[in-house]
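Chemist:
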Amino acid sequence: MSAVNTEEKLRLVLRGLLNSDCKLVDDTYLEKLLSHIPAIVGSSENGNWSTSGGLCLEWLHQVQESWQLLPPHPSLMAFALRLLAVLTHDEHRFTFLQKMNTVSIFCQKMKLQNNKNVSLNLAYTILLSSVIQHKEGRRWVVANGLWKDVINFCLSDASIYVAREGQKFVADLFSNLLKDGTPGVAAVEEIMRYAMNPVLIGRNSFAVDVKSKQDKMLPSIGIMCYVFETSMDVRNLAVLCGIINKYSLETVAWSLLNGSLDNIFVAQVSRFLALLYFVLFKYKASLSGHITLEHVKEIDASIVNLLSALFAKGFVRNALKIIVQSHFQWHEFIKIIQIDPEARKHEFENQLLALQVGPILAILSSTTISHEYFDEFCTKLTGLMHQETVRAVYAIKKMLRDQPNSHEVAHMAVLSILQIKDVMDKDKAVVVFQVLMYSLKEFMPPSVQCLPGYTIDSYDFPIEYPELLSTVLEALMMLITNFHIVWSQSVESICIFTFLSILLQNPNLSCRDAVQALKLMGEVLVSFMPPNLALLVVPVKDSSINNLGPVVRQRLHDVNWEVRDSALEVLRNVVTISEIKFPVFQDHLLEHELIGLVVAMSIDDAESYVRASAINCLCHMVKIERFWAECLFAQDLSGKMTNILKKDTEGIVRKEAAALMTELYEHDKLRKEILPVVYSTMSAAALGDLYWEVQVNALTFWEKVIDRAMVNQGMIDGAFPSVTFSKENRKIVTLTEKEIQSRLRKVLSELSQIGCLQVLLVLIQDCNMRVVCKAASVITSISKSLSEHDLLSPAAKHLPDLVMSSCTERFPDMPASRVQGPRFASNSEVDSIPTTPQKHQTKTSASVINSIVQQSDMKLLQDVYRSKLSVPHPFDHRVTTICSSVSPEDFLHALGTLNIQKMIQEKNRWLEYYSDDFGSLLDDILASNEAKEYNAIDCY
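Using my numbering, read the sequence shown as starting at 349 and increasing by one per residue.
#1: Please go through the same chain and pick out, in chain order, the residues whose beta-carbon is closer than 7 Å to the beta-carbon of V1044, but skip the five residues on each side of it.
#2: Alpha helix (DSSP H) containing K632: first to last residue?
#3: By DSSP's criteria, F1073 is part of a beta bridge. Which residues make up the other side?
#4: I need the DSSP call for A1057, collapsed to helix, strand or coil.
#5: Taking only the alpha-carbon atoms, compute the straight-line gap between V536 and D528 and give it to the nearest angstrom.
#6: Please classify I1054: is it buried, with 16 or more other beta-carbons within 10 angstroms of its beta-carbon, or exposed?
#7: Does the separation of the CB atoms of H828 and E871 fall below 7 Å?
#8: If we count the other Cβ atoms within 10 Å of its Cβ and call it buried at 16 or more, is R739 buried or exposed?
#9: How many angstroms separate the CA atom of G1036 from the CA atom of C1115?
#10: CB-CB under 7 Å to L1139, same chain, minus the five flanking residues each way: which ones, in chain order?
#11: Is it buried or exposed, S1070, if we count other Cβ atoms within 10 angstroms and call 16 or more buried?
#12: Determine whether the beta carbon atoms of L1047 and A1033 lie at a separation below 7 Å.
#13: Drop a sphere of 10 angstroms on the beta-carbon of S636, count the other beta-carbons inside from all chains shown, and report buried for 16 or more, exposed for fewer.
#14: Does DSSP classify V1025 as helix, strand or coil?
#15: Just curious, the alpha helix (DSSP H) that K776 is in, first and last residue?
#16: So does the segment 903-918 actually touch the segment 930-939, counting three or more Cβ pairs closer than 8 Å?
#17: In whole angstroms, give me the CA-to-CA distance for V466 and V510.
#18: Considering only the alpha carbon of each residue, which of S950, S634, I591 lies closest to I682?
#19: From Q767 to E822, what distance separates their C-alpha atoms?
#20: When the Cα atoms are used, what is the spatial distance from V361 to A433?
#21: For A433, list the residues DSSP reports as bridge partners.
#22: Taking V533 as the reference, give the member of I453, F522, Y542 with the closest Cα.
#23: Identify, in the order they occur along the chain, each residue of the same chain with its Cβ nearer than 6 Å to the Cβ of M785, setting aside the five sequence neighbours on each side.
#24: Write down every uninterrupted run of the alpha helix (DSSP H) in the segment 920-969 whose length is 4 residues or greater and which is fully enclosed by it, in chain order.
#25: Report all residues from its chain with a CB closer than 6 Å to the CB of S1165; omit the five preceding and five following residues, and keep chain order.
#26: Let's see if you can read the secondary structure: which residues bound the alpha helix (DSSP H) around E573?
#27: For the putative contact between L365 and L424, defined by C-beta atoms under 8 Å, what is the C-beta separation to the nearest angstrom?
#28: Quick check on the burial criterion: 16 or more other C-beta atoms within 10 angstroms. Buried or exposed for I639?
#29: Does the contact criterion of 3 or more C-beta pairs under 8 Å hold for the segment 646-663 versus the segment 754-763?
#30: Using the Cα positions of L575 and K645, report the straight-line distance between them to the nearest angstrom.
#31: Thinking just about the alpha-carbon of each residue, which of G897, V907, D906 is nearest to the one in R920?
#32: Between V1110 and V1234, what straight-line distance do the alpha-carbon atoms span, to the nearest angstrom?
#33: Determine the direct distance from the alpha carbon of S1129 to that of T1072, and round the result to whole angstroms.
#34: Restricting to Cα atoms, I'd like to know which of V627, A962, E697 is closest to A586.
#35: Since I believe L816 is in contact with H1317 (beta carbons under 8 Å), could you give me their beta-carbon distance rounded to a whole number of angstroms?
#36: For K357, count neighbouring Cβ atoms within 10 angstroms of its own Cβ and tell me buried if that reaches 16, exposed if not.
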């Protein structure tokens, strides 16, 4: 689109926004419009503006003039402030606008408006946040005291969006002013004093009207917390330490904490107090240049004292939040400063972790506590803690032991552990894993032992705390996958498969817990956590692994489709490891008749996701010869998959069916007599399916067909050797250049007869870029050999490479089908596609190919769509003629004459225009404004 057209559309859009009856269908249009403004306003030096930038500036002046006659609508004023924020982010543009007093006029007008409007307050805060990013803007904001407006927004009953943006504004202003030198320090102290004013006033009369004073203090504490949390520079920390000491903020915080029983208020005050301790710690460590043992002991004593106080008062949830916050504060700070070896031995994180798992330990029953392995674990855990931490942990256990909500507290503790997974190391992960394993044992019947040599019966016991169980299973999954914990690192892991087997046999297990348990069981098997798996020893009869088959079979019959789907995932993992690593599982799966059950589920299950998972599981099973010989051979999988590709209404099922067809072909599981039907089916799937992933999988099938055809003609690892054995002549022949060309022509002839070349020619012009890129990949593979042996014209030799590079660069992460390509054959017409070319069709093949080449690519697509819309039957007879008449010569001619690179570029431009292009956005806004009436339900 030309720049002139874009500027004219922008002018119309901005003019339309001034109309009082302007209504937009999509609320995100203006947000998207603002995101394009920085790129179109031009250079900022010396106040230079592009034409589009001049239009924005002119529009702002028009808005100001209109306000003199009629008060602006809040949404229009909010957009104007946001637009001004984009323009004033640069110092040169801000100076230029200030010469015309533009920014001042908008700010004055804002103050005259009703400050209860959230969108206006947010837009005004965003404007000032943009202005303070440069020195000139900060000077102007401080000189006019505009920062008070933002703090007042935060201190008043503001929305969460205004509060967050306001806190960010104060923190940015605080940090940037300190970069300006001594004048900035004085301004910072004034700003912080103003923000803390409700706390400093309220502390003296805290007992009077407590609730109202708490409500006034909370926003003030929130501002200070944000500033404390984001400060890492020593200059900022020095100023904050001065403010803390000057106003005795630690004493103030403790007095507020001890004088309140309100959960929300205590949570905010304790968060502030913990951050205050970290500010003091970071400042002292920054001054010395490294973290010493004294620094760690000081922050350790402060945080543990705070947590002990919170636990003692029953604020367990708040204490857990402080622990998570402390983990992240510590982790962020040690990234930028070195820790002394002695300080590292102190392990501050271990103290936090011990307090974090305290509520989990408190729920363990006496049978667990008396276990010898648990005694060893407690000794290990105690060795990681300091004396003060040990006392705190025992106090937690004593407090929670007899409380009715102790399991809810344990649930919160496990959730807090999930929050710190990104800052946890392997040693601490093992400790947490052991704690969770003892917690999982609480859900076992009393008769269950951890040692082998027992038989698992069908236990039917109630699950009293399903939420806790689900969270424990989720945490165990996280630890195993993130930290690769195995049996040699934790003796408790020996029992995990046993526990999961017992859980899954329990009919009282909820659907959510069953899914979690199955997912964890699959991960345990893949990670080889049971010792007899890790050592590749054949499992003995009494091993818990022998219960895998009955457990999975039971869950494959579950009434909840989510459970059946998860059971299939477990079975797929078992099949994968049974192929090479643990073949004894093959006997186990055959013994319990799981193979036939999966085949039945792939056809008969009522849920499409389960059918797709079952077919995916079969894709792994057909690779194992024993499964094929003893079960799958008699199941007629090719016929079943053909029927699915023709009749199943769900794309995800057809996609997996196409993948299974590919596996069957690749592993030579298809009889020769059914190959014509298979080829016809896969041609129809590639050309006629409405689901792009089915097309891609069908192209993968044809890729395997091409590879086998090449191998049959003597190709090895993508190249022809100097000599090969000829099956036809039954002797060794020398592969001269002429002989290789003859063999390649045989390949092309064979591919032409079965419809492969036709599929490639059509799908290289598909509208879906995923399909085009896959087709280009297949064409690249075959064209490489053709060009190496002089079967392609010079103009066509490099075209496939150009296609692949364009696809790879433009669409590395292209989402699912943005548009669907032309479809040429319905499933009902599969058998009508001939497998051999007809004489009367061959006579016209060249003219048909030329008719495609002579048309532009976009014109061809338009013709296809026009024919699709005008013909009620979905089968395009014109394209069917093409698909059944492409000879090897036509294919070679098409590769040399079709401008594939231009076609790809046109598709790229089309997608770019209708997804991210500024002109397309302006078209949408104009169309939205012109559409006075529209159907809100119609989303197309």
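All residues carry an ideal CB built from backbone N, CA and C; glycine is no exception.
Modeler: Let me lay it out:
#1: Only R1118, V1119, K1122 meet the Cβ criterion.
#2: If you look at K632, you'll find it in the alpha helix (DSSP H) that goes 611-636.
#3: Partner(s): I1080.
#4: Correct three-state label for A1057: helix.
#5: Annotation: V536 to D528 spans about 11 Å, alpha carbon to alpha carbon.
#6: The residue is buried, with at least 16 neighbouring Cβ atoms inside 10 Å.
#7: The sequence given here has Ile at residue 828, not His. Yes; because the gap between Cβ atoms is below 7 Å, this pair is in contact.
#8: Classification for R739: exposed.
#9: Taking the straight line from one Cα to the other gives about 13 Å.
#10: So the qualifying residues of the chain are Q1089, L1092, L1240.
#11: A residue is called buried when at least 16 other Cβ atoms come within 10 angstroms of its Cβ; S1070 does not meet this threshold and is exposed.
#12: It is not a contact, given that the beta carbons lie outside the stated cut-off.
#13: Exposed is the call here.
#14: In this structure, V1025 counts as helix in the three-state DSSP scheme.
#15: K776 -> alpha helix (DSSP H) spans 774-789.
#16: Touching, no.
#17: If I take the Cα positions, the gap works out to 7 Å.
#18: Closest option to I682, judged by alpha-carbon separation, among S950, S634, I591: S634.
#19: Between Q767 and E822, the C-alpha separation is close to 12 Å.
#20: If you take the alpha carbons of V361 and A433, they lie about 19 Å apart.
#21: Bridge partners of A433 according to DSSP: none are assigned.
#22: Nearest of I453, F522, Y542 to V533, Cα basis: F522.
#23: So the qualifying residues of the chain are E840.
#24: Fully enclosed alpha helix (DSSP H) runs of 4 or longer: 932-939, 942-952, 956-969.
#25: Any answer about S1165 is weak, because its pLDDT of 33 lies below 50 and its placement is not dependable; what the coordinates show is given next. Excluding residues within five positions, the ones whose Cβ falls inside 6 Å are W1040, N1116.
#26: The residue asked about is misnamed: residue 573 is Cys in this sequence, not Glu. Note, C573: alpha helix (DSSP H), 558-578.
#27: 7 Å between Cβ atoms; contact.
#28: With 16 or more other Cβ atoms within 10 Å, it is buried.
#29: Output reads no: the segment 754-763 does not touch the segment 646-663.
#30: According to the sequence as given, residue 575 is Val; it is not Leu. Between V575 and K645, the alpha-carbon positions lie close to 25 Å from each other.
#31: Of the listed residues, the one whose Cα sits closest to R920 is G897.
#32: Between V1110 and V1234, the C-alpha separation is close to 11 Å.
#33: Straight-line Cα distance between these residues: approximately 22 Å.
#34: Closest option to A586, Cα to Cα, is V627.
#35: Since the displayed the chain opens at 349 and closes at 1288, residue 1317 lies outside it and no answer follows.
#36: It counts as buried.
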